[in-house]
Amino acid sequence: VQLQASGGGLVQAGGSLRLSCAASGSIPSINVMGWYRQAPGKQRESVAVITSGDKLTYADSVKGRFTISRDNAKNTVYLQMNSLKPEDTAAYYCKITCYTLTVNHYWGQGTQVTVSS
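What follows is the structure in structure tokens.
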């Protein structure tokens, strides 16, 4: 399984960005896709997660501003980020957790989001 993320960039505070992450390979029907972020000097944290049954989970810091969605036909997960703040600046990573007889985690490469004040 491979993940390809895109959509990061530089935006002013209050602006919007949309991240995309396409998964390829053998993707089981039961899976969880999500976005995580890591700012310099900080631990990686969960931003938003969506299950194959469309159950959503958001970090408190992004609730009401970010929206995660997925297109199962394209094995793609999106993160719409609105009302961006400087504290949202980080490298954003997508992840898929695949549930078969075992549980496997796969990460995409990071995409940088920089929000200027």
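Adding 9 to a residue's 1-based position in the sequence shown gives its number in this note's numbering. Beta carbons: idealized from backbone N, C-alpha and C, even for Gly. In this text, all values refer to a predicted model and were calculated from it rather than measured experimentally.
- By the neighbour-count criterion, in which 16 or more other beta carbons inside 10 Å mark a residue as buried, Lys104 falls on the buried side.
- Counting along the chain, the unbroken beta strand (DSSP E) around Glu54 starts and ends at Glu54 to Thr60.
- DSSP, reduced to helix, strand and coil, places Asp80 within a strand of the structure shown.
- Where Leu26 is concerned, the enclosing beta strand (DSSP E) starts and stops at Leu26 to Ser33.
- DSSP, reduced to helix, strand and coil, places Ser92 outside both helices and strands of the structure shown, so it counts as coil.
- When DSSP reads this structure, Gln13 sits in a beta bridge with Ala31.
- In this structure, the CA atom of Asn40 is about 14 Å from the CA atom of Ser78.
- A straight-line Cα-Cα distance of about 35 Å links Gly23 and Val10.
- When C-alpha distances from Pro37 are compared across Val122, Ser125, Thr60 and Ala100, the shortest belongs to Thr60.
- Across the set Ser33, Lys72, Asp69 and Gln118, the C-alpha of Ser33 shows the shortest separation from the C-alpha of Lys83.
- Ala14 places its beta carbon less than 9 Å from that of Leu28.
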